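To keep things clear, I will list the structure first and then write my remarks on it.
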Amino acid sequence: MATYSASQAKTITLVSGQVDTITLNGSGSTLRVQTNSTTVPVSFTVAQPGGTPATPTDAGDNCLVAVSAYSTFDLPWTGNGCVIKVIATGTPIVSFALIG
């Protein structure tokens, strides 16, 4: 498990089957998730700062999933910052950004 933090955006290469945690400290009205994978679903959960997102499982229940090739997934977001937990079965590159 790796832990990362950034102000507005963070890009990482996932390790297959490993849950990583990303904390974004900036603000925005949208959480944007982008993946470069052509076939590997990226499953993630998210919580407000100070909260703990549920631990995701690959394509598991109660997870948000970005699956299509080079996909962009926008999630409406309120408040400052967020905590994200993410997993995939392969090694896609994924970016999380607070925008707007």
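Start counting the sequence shown at 0; every next residue gets the next number (numbering that gives the first Met the number 0).
C-beta: ideal position from N, C-alpha, C; glycine also.
Owing to the predicted nature of the structure, the values given are computational and were not obtained by experimental measurement.
Measure the Cβ-Cβ separation of D73 and T29 and say whether it is below 8 Å. Yes. Within cutoff.
Going by DSSP in three states, T38 sits in which element: helix, strand or coil? coil
Within the same chain, show all residues whose beta-carbon is closer than 6 Å to that of T10, passing over the 5 residues directly before and after it, in chain order. S94
Below 6 Å CB to CB, which residues in the same chain sit around T20 once its five sequence neighbours on both sides are set aside? T2 and K84
Backbone CA spacing between G49 and C62 [nearest angstrom]: Rounded to the nearest angstrom, the two C-alpha atoms are 19 Å apart.
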